[in-house]
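J.:
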Amino acid sequence: MRVGLAPVLALIGVLFVGSLGSAQAPGSAQAPGPNFPALSGRVVDAAGILAPEAKAGIEAKLKAYEDKTSDQVVVATVAGLDGLTVEDYANRLFRHWKIGQVKTDNGALLIVAPNDRKVRIEVGYGLEGALTDALSKVIIATAITPKFKQGDFAGGIEAGVDAMLSILSGDAEQWQRRAPQVRDDTVGAGDVVFWIVLILGIVFVVWRMNNRPGGPRGRGPGGIMIFPTPSSGGWSGGFSGGGGFSGGGFSGGGGSSGGGGASGDW
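In our numbering, the protein residues as written are 1 to 266.
1) Please identify the residue among A113, D152, G258 and A143 whose C-alpha is closest to the C-alpha of A54.
2) Using 8 angstroms as the cut-off, can you tell me whether the stretch 140-150 makes contact with the stretch 40-50, which would need three or more C-beta pairs spanning the two stretches below that distance?
3) Are the Cβ atoms of L168 and L131 separated by less than 7 angstroms?
4) With C-beta atoms as the reference, is S136 less than 7 angstroms away from G255?
5) Compute the Euclidean distance between the alpha carbons of G83 and Q174, then round it to the nearest angstrom.
6) Could you tell me the distance, in whole angstroms, from the CA atom of A172 to the CA atom of H96?
7) Which two residues bound the contiguous beta strand (DSSP E) that contains R117?
8) Apart from the five residues just before and just after D265, which ones in its own chain have a Cβ nearer than 6 angstroms to its Cβ?
9) So, under 8 angstroms CB-CB, R42 and K63 are touching, yes? Tell me the CB distance rounded to an integer number of Å.
10) From D133 to M209, what does the alpha carbon distance come to, in whole angstroms?
11) Would a C-beta distance cut-off of 7 angstroms place G277 and N115 closer than the cut-off?
12) Secondary structure at S166, three-state DSSP: helix, strand or coil?
13) So, for G107: in the same chain, excluding its five sequence neighbours on each side, which residues have a beta-carbon less than 6 angstroms away from its beta-carbon?
14) Quick check on the burial criterion: 16 or more other C-beta atoms within 10 angstroms. Buried or exposed for I199?
15) With 16 as the cutoff for other CB atoms within 10 Å, does G252 come out buried or exposed?
16) What are the partner residues of I111, as DSSP defines its beta bridges?
17) According to DSSP, is V44 part of a helix, a strand, or is it coil?
18) Tell me whether A262 sits in a helix, a strand or coil according to DSSP, three-state version.
19) Whole angstroms is fine: what's the gap from G160's alpha carbon to W195's?
20) Give me, in chain order, the residues of the same chain whose beta-carbon lies closer than 8 angstroms to that of K147; leave out the 5 immediate sequence neighbours on both sides.
21) Give me the Cα-Cα distance between K61 and G258, rounded to the nearest whole angstrom.
22) Look at A76 and E122 and say whether their C-beta atoms are less than 7 angstroms apart.
23) Could you check where the alpha helix (DSSP H) with N106 kicks off and where it finishes?
24) Is the beta carbon of D105 less than 7 angstroms from the beta carbon of G126?
Laid out in structure tokens, this is it:
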């Protein structure tokens with residue numbers, strides 16, 4: 001019998017939804033998390049790229065903003081990503097530190113991995129309406145990475161923090177005007193390629209089965225190959241670490257993130 005395209009496309013839809021559900025299932029098994037730096041303050045410079053005065057200045061801005069609004073914004077620099085994507089590492093670190101308040105998830109994380117030349121803004125659930133993925137991308141592309149390319153890490157981080165606090169305070173107009181100039185590539189290229197190859201591969205197999213001499217000769221759905229689903233980047237489930245670390249009088253408030261934000265490199 002001939003195999004129609006409709007059931008095959010339905011199978012693709014089931015595989016797609018299933019991959020998202022399995023990646024995000026809270027009870028799914030997780031590999032051991034990386035060795036995160038301790039949350040010693042609002043600026044954790046584990047990569048050692050900030051001078052003491054620059055770190056203190058950024059820390060003071062973040063503290064003043066949190067005292068005023070209760071929103072927790074944290075900056076982290078790390079020496080490496082432990083083999084993870086910057087998206088996965090940032091989401092795991094955010095959850096491990098539990099940035100933001102437990103009832104409002106009003107936290108945001110700016111993470112810089114200078115050795116990997118990666119940067120990401122990770123946004124808690126409660127701030128996604130203001131600090132959107134698109135605006136996060138604009139901040140990275142127009143405020144942060146231009147300075148990073150000049151070797152000015154302190155300037156790029158401070159510019160990024162200023163932009164984040166400005167947007168969270170309701171002054172997002174100038175950043176919204178820049179949005180059309182920035183290409184939004186928040187969907188991982190690897191994920192797009194995977195699904196294109198998967199769809200084309202299944203369509204080709206069905207075409208060959210239906211057009212070979214004698215037809216498919218009784219081959220049923222068992223002849224369809226099921227490919228593995230992607231598990232990296234934004235689709236991977238966040239790792240939930242232990243309680244927030246309290247160091248230097250500062251700790252996370254129990255907040256979480258679902259992977260909102262944007263990434264970039266330089």
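Just so you know, even glycine gets a beta-carbon here, dropped at the ideal spot from N, CA and C.
Being a predicted model, the structure only gives us computed values, none of them experimental.
T.: For this structure:
1) Sorting A113, D152, G258 and A143 by C-alpha distance to the C-alpha of A54 places D152 at the top.
2) Counting C-beta pairs with one atom in each stretch, the stretch 140-150 and the stretch 40-50 have fewer than three that are closer than 8 angstroms, which means they do not touch.
3) yes
4) no
5) One alpha carbon belongs to G83, the other to Q174, and they sit about 36 angstroms apart.
6) 29 angstroms
7) Run containing R117: none; DSSP gives neither H nor E here.
8) The residues are R117 and K118.
9) 6 angstroms
10) 43 angstroms
11) Past the boundaries of the shown model lies residue 277; the chain is included only from 1 to 266, so the question cannot be answered.
12) helix
13) For G107, where only same-chain residues beyond five positions count, the Cβ hits under 6 angstroms are Q72, I99, G100, G124 and G255.
14) exposed
15) The residue is buried, with at least 16 neighbouring Cβ atoms inside 10 Å.
16) Answer is A76 and R120, bridged to I111.
17) strand
18) strand
19) Going by the C-alpha atoms only, they are around 34 angstroms apart.
20) F153, G155, G156 and A159
21) 26 angstroms
22) no
23) No alpha helix (DSSP H) contains N106, which DSSP labels as neither H nor E.
24) yes
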